[in-house]
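Asks: Pasting in a structure now, in structure tokens, and then I'll have a few things to ask.
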Amino acid sequence: MARLPSASFGPLNQGLQVGQNYGSINTEFHLPPERPETPPPPFATIPFSRDPDFVNRGNILDQINQQCSEPPGRVALVGLGGFGKSQLAIEYAHRIAGGQPDIWVFWVHAGTQARVEEAFRTIADAVKLPGRNQPEANILQLVCGWLSNERKSRWIMILDSVDDHDVFYGPTSGDGPASGDACNGRPFATYLPQSRNGSVIITTRNKDLAFRLTGRRQNMIEVGPMEQEDALTLLEKKLGSLPDTDVAADLVQALELVPLAVSQAAAYIQARAPLSSPEKYLAEFREGERKRSRLLEHDAGDLRRDGGASNAIFTTWQISFDHIRSQRRSAADLLSLMSFFDRQGIPIWVLKPSRIAKDAMRAKGLDEAGDGESDDSSSATDGDTSDGTDDDIDGEFEDDVAMLRDYCLIVADDAGDEFEMHGLVQLSTRRWLEVFGQQETFKQRYIERIAASFPTGQYENWATCRSLFAHVQVALGYRPSEDTVGTWATLLHNGGWYAWSQGRYDAAQQMLSKARKVCEKRLGKQDEATLAIISILGLVLLDRGQWEEAEKLQVQVMETCKTKLGAGHPDTLTSMGNLASTYRNQGRWEEAEKLEVQVMETRKTKLGADHPDILTSMGNLASTYRKQGRWEEAEKLEVQVMETSKTKLGVDHPDTLNSIGNLASTYWKQGRWDEAEKLQVQVMETCKTKLGADHPDTLTSMGNLAVTYRNRGRWEEAEKLEVQVMETRKTKLGADHPNTLTSMSNLASIYREQGRWEETKKLEVQVIETRKTKLGADHPDTLSSMGNLASTYWKQGRWEEAEKLQVQVMDTFKTKLGADHTDTLTSMANLASTYWEQGRWEEAEKLDVQVMDTRKTKLGVNHPDTLNSMGNLASTYRKQGRWDETEKLDVQVMETCKTKLGADHPDTLTSMGNLAVTYRNRGRWEEAEKLEVQVMETCKTKLRADHPSTLMSMGNLASTYRNQGRWEEAEKLEMYAMESFKTRLGGDHPHTLTSMGNLASTFWKQGRWEEAEKLDVQVVETRKTKLGVNHPSTLTSMANLAFTWKDQGRHTDALSLMEDCAQARQRVLGAGHPDTLWSLAVIAKWSS
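Counting in UniProt numbering, the sequence shown runs from 1 upward without gaps.
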């Protein structure tokens, strides 16, 4: 055989010859040795440019720097996708690259094994690792060796998007290493050396993975939403400017301060400018869930996000959802269920599946996997676990929770009892479910879960209701399926019941109205469930002051119950009691009493004297008696209710505390303030201990005690309590809640008593406007608040403004409630007082007589309100000089008050003071003095010596002494009153100024004109400042000063001042007012 020709490979590969060979041939190819490469100076392999819109986030970069400053350092930025972890890492990397050129900065995208290998190949090329080009070179090992070599330059490695456990540690299923041959069977995590030469920065969504890679919880930095200021800065940088910062603030809050969502919104706005703007985007975002989803799925791209990463926040998060679903189906199902809750305060016990619940769901074919798909992933609900123990179920649930927490999708509170989620994460989850066709399944499951967990609104259940109520409000907005609509209605019934018990009337009415509509359609108008809903709805309307609507519903319930259940059925009796309460609020006390007596007697017969329902009916009847001024009867019932409640329910039961509060109200009406206060303090302290300082019942008790303090002249204590009540209600219930407005109104009353007019007016105007908006301009509460503002104007002498409001209030009350309603009569009496001050005594008398006669008919001759109206009419007669008629009424009122209320009741003392004024004006000074001494001494005993009422009674007695020429005694009393008023109320309070004016008059009577002048001048100037130049009290003090000047011989000054006074009175009071006519008469006399 001929020789084969030789094969020559040239000088690069010499010595190989292949001839004829019938055996195996083993041949090695030897590449020429690599030329040694000069190691380059350190540089960065950051694939992203620096972000000109970067916003520093507190001290996060400083924390990273601190962790990396002492290698070997490892730090993990942990948080949801889109929260800016990578942006922080990019900024830090650029700062190191720019500020420390002797440090290598390596960027590794760690989302997949292939991306990691690609990045390590880039590092090997960058540092020119010898042997990297060999066919069988282990790049990972080469790079690891270089990184471990402490003779090399310092380095920092950023591992971005470390979200897949399998990439770093291999699969958890035990099927072998996911990395295959590339890692030679070693987990990639082992190629990350802990070298003193370098540090590793990790960005991840997975807390568990972050912990495994860093080794310490302290090395994990949680990256959450931005601060509002930072989010606004980011939005401004993206848009260039923010024309309206308030709108911008609302927008970033709506986006929950998520950086990617803010950037996404800015890109959307810019792409559609000028048709779009932050304001228009926000309006679209608020239109509804579908619109929000569309906006948040918009992907505008970002040069500083990895090419495989979406710039849409929804898509970013749904990657995590998909991963959870593939790893642990039950955790994905738990996330799906939680997405329908309110974002905060999600109780663990509601989420936790019991074995019974799971078996029940299987029986329904509703196992937690949901869509019927099967997979091989580990799931707490896949497979046959019906024989599993509760411990197994608990363990599975805890594993689900752990996975969701590791992915930063949920956060637990400190106690581990409740979870919260970002609202946008919930929205994204629901959108994700919609894509899989499972949104409706989990929505209905949520309705069933909440309905099964939320109890009735009885007191015993309040703690549970409170923890779940926000979630019931969420369920209100969900449309139930045909299968769950009945369950949904029950949930709304219970939710409305609880909301009513807490004074949250808007929510209660909304829930109960929807529940009523469902039940009437499904069960009929006469079904017991329907009637139960209507009954509570009627109570809501009652508490909102919508008495006609409430009455209509309550009559419907009562009549149906009588027909369906019988007159003695407990539900029938309850409906009768509810209707009676409406009658009581309408001032229809005879009708209320008739029903309440009937209910009480029937319950006694049917249930026994100490049954809780009996106690309720007795308490209601007592309230009616109290409204009628029948305080002894009210007290008798209330004491019985209180004592029985203490025995049957316990001292600290809410019903017991309510009965104690009712008895305190009766004591208060009787002027027994010590007893009232003692009970009110007891109720308040018990409520604080049992229910909490911010519970509605606690706040009500604090408000009641504040009213008692106010009436006792303890205004600082009253103000402190009322401010606390108001602020707490604002926080807990909202600024426009009826109870909040009530506390604001009460606080305004305290300010009014203290002469703090501007603060009073500010609060009252706010209350009026809010009530007009929330309740309507003709609602009784709105009208009452208008009457309060009129009282403030009246106190300020702004009688035209007061009159305008009072006429409006009176006419509206007449139309809405009738001419003989108690509120109508009160408004008429207030208007009469304004006419009285204006000297329009005939008009005042006409109203006073009408009020008195109507009250005699409606309430009885002896009712306190009737007696008050008789006293008002007497004052009008007194101004007209009709002494006989005045005295007759004064005596009648006083004697009746003594008999009905007691000799030391505040109303009795007022009537005695009024009669004393009449005696003084008739020159019957001894009789006046006798009464005034008695009033003063009783006030000292009942109220304290420095109480405003006591001090005013001293002033009245001093006036009598002055008229008798007993100037030293008058001066002594007036001096004490003045100094006490200064201490208690301040030097510029109206009562203080009145007492100064009285003392000046006593000095004047004694010819001590310099002392009189000094006080008169001080009173004039202070009243000008506090009340205004034209206030009637200011003009009175000017006239007094003019007389002092006249007696000092300063005739010109006196005449000029009196002329100014007369002109002002003509403008303010009118030419025919008695004070104007008197001033003109004095001028004429002095001029002649």
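We put the beta carbon where it would ideally sit given N, CA and C, even for glycine.
All values derive from a computational prediction rather than experimental measurement.
Which same chain residues end up closer than 7 angstroms to S645 when comparing Cβ atoms and leaving out the 5 residues on each side of it in sequence?
Replies: Cβ within range, chain order: L615, H653, D655, T656 and S659.
Asks: Which residue wins for smallest C-alpha separation from A622, given the options T647, K762, S263 and A664?
Replies: Among T647, K762, S263 and A664, the Cα nearest to that of A622 is on A664.
Asks: Between which two residues does the alpha helix (DSSP H) containing F211 stretch?
Replies: Here the alpha helix (DSSP H) through F211 covers K207 to T214.
Asks: Just to confirm, is the Cβ distance from H214 to R74 under 8 angstroms?
Replies: The question names His, but residue 214 is Thr in the sequence shown. Yes, they are a contact pair.
Asks: So A261 packs on L296, CB below 8 angstroms; how close in whole Å?
Replies: Right, the Cβ-Cβ distance comes to about 7 angstroms (below 8 angstroms), so this counts as a contact.
Asks: Does the stretch 76 to 88 come into contact with the stretch 128 to 140, if we say contact requires no fewer than three beta-carbon pairs (one atom in each stretch) closer than 8 angstroms?
Replies: No contact exists between the stretch 76 to 88 and the stretch 128 to 140.
Asks: Could you compute how far the alpha carbon of A357 sits from the alpha carbon of R449?
Replies: At A357 the pLDDT is 48, less than 50, meaning the model places this residue with poor confidence; the figure from the coordinates comes in the next sentence. Between A357 and R449, the C-alpha separation is close to 10 angstroms.
Asks: Taking the runs of the alpha helix (DSSP H) that are 4 residues or longer, which of them lie wholly in the stretch 229 to 299?
Replies: Listed in chain order, the complete alpha helix (DSSP H) runs (minimum 4 residues) inside the stretch 229 to 299 are 245 to 254, 259 to 271, 278 to 285 and 289 to 296.
Asks: Report the three-state DSSP secondary structure of V639 (helix, strand or coil).
Replies: It is helical.
Asks: With distances taken Cα to Cα, identify the nearest neighbour of H323 among P278, A475 and D166.
Replies: Residue D166 is the option with its Cα nearest to H323.
Asks: Would you call the stretch 554 to 567 and the stretch 531 to 541 touching, i.e. three or more CB-CB distances under 8 angstroms?
Replies: At 8 angstroms Cβ cutoff, the stretches touch.
Asks: To the nearest whole angstrom, what separates the beta carbons of D102 and S153, a pair I think is in contact under 8 angstroms?
Replies: 6 angstroms between Cβ atoms; contact.
Asks: For the alpha helix (DSSP H) holding residue 1146, just list the boundary residues, first then last.
Replies: Residue 1146 cannot be examined here, being either before or after the span of the chain that is shown, 1 to 1088.
Asks: Taking the straight line between their C-alpha atoms, what separation do you get for R329 and L649?
Replies: Their Cα atoms are separated by approximately 49 angstroms.
Asks: Considering only the beta carbon of each residue, do R1008 and T960 sit closer than 8 angstroms?
Replies: Contact: no.
Asks: Please return the same chain residues whose Cβ sits closer than 7 angstroms to the Cβ of A189, not counting the five positions on each side in sequence.
Replies: Once the five neighbours on either side are set aside, the close Cβ partners of A189 are F168, Y169 and L213.
Asks: Is L663 helix, strand or coil when you go by DSSP?
Replies: The answer is helix: DSSP assigns L663 an H, G or I state.
Asks: Pick helix, strand or coil for N746, following the three-state DSSP scheme.
Replies: Here N746 sits in helix by DSSP.
Asks: What is the DSSP secondary structure of T109, reduced to helix, strand or coil?
Replies: For the record, residue 109 in the displayed sequence is His; it is not Thr. Strand at H109.
Asks: Quick one: what's got a C-beta closer than 7 angstroms to W146's C-beta in the same chain, skipping five residues either side?
Replies: V127, L129 and K152, listed in sequence order.
Asks: Who are the Cβ neighbours of E551 in its own chain at under 6 angstroms, not counting the five residues just before and after it?
Replies: Answer for E551: T582, listed in chain order.
Asks: Would DSSP call W925 helix, strand or coil?
Replies: Helix.
Asks: In or out: N149 buried (at least 16 other Cβ within 10 Å) or exposed?
Replies: It counts as exposed.
Asks: Pair every Cβ in the stretch 392 to 400 with every Cβ in the stretch 266 to 278, then say whether three or more of these pairs are closer than 8 angstroms.
Replies: These segments do not touch.
Asks: Could you tell me whether the Cβ atoms of L1041 and I1083 are closer together than 8 angstroms?
Replies: Not closer than 8 angstroms, so no.
Asks: To the nearest angstrom, report how far apart L539 and D778 are at their CA atoms.
Replies: Those two C-alpha atoms are separated by around 20 angstroms.
Asks: For the beta strand (DSSP E) containing V200, list its first residue and its last residue.
Replies: Its beta strand (DSSP E) spans residues G198 to T204.
Asks: Assuming N956 and E932 form a contact by the criterion Cβ under 8 angstroms, report the distance between their Cβ atoms to the nearest whole angstrom.
Replies: Yes, N956 and E932 are in contact; Cβ-Cβ is about 5 angstroms, under 8 angstroms.
Asks: Can you grab the Cα-Cα spacing for the pair A178 / S467, in whole Å?
Replies: For A178, the pLDDT reaches just 43, beneath the cut-off of 50, and the residue's location in the model is therefore unreliable, leaving the point undetermined.
Asks: Check V78 in the structure and name its three-state DSSP category.
Replies: Correct three-state label for V78: strand.
Asks: So T45 packs on I96, CB below 8 angstroms; how close in whole Å?
Replies: T45 to I96, Cβ: 12 angstroms. No contact.
Asks: Kindly indicate which residue of W500, G1072, D736 and R714 has the alpha-carbon position closest to the one of A945.
Replies: Considering only alpha carbons, the answer is R714.
Asks: Would you report the Cα separation of residue 1112 and T624, rounded to the nearest angstrom?
Replies: The structure shown does not extend to residue 1112, since the chain is modelled only from 1 to 1088, so the question has no answer here.
Asks: Strictly by DSSP, which residues pair up with L159?
Replies: Note: L159 sits in a beta bridge opposite V108 and I202.
Asks: Nearest CA to the CA of G692: which residue from K678, T728, E677 and W673?
Replies: Minimum Cα distance to G692 is reached at T728.
Asks: When DSSP labels each residue in this structure, what does I410 get in the three-state scheme?
Replies: It is coil, neither helix nor strand.
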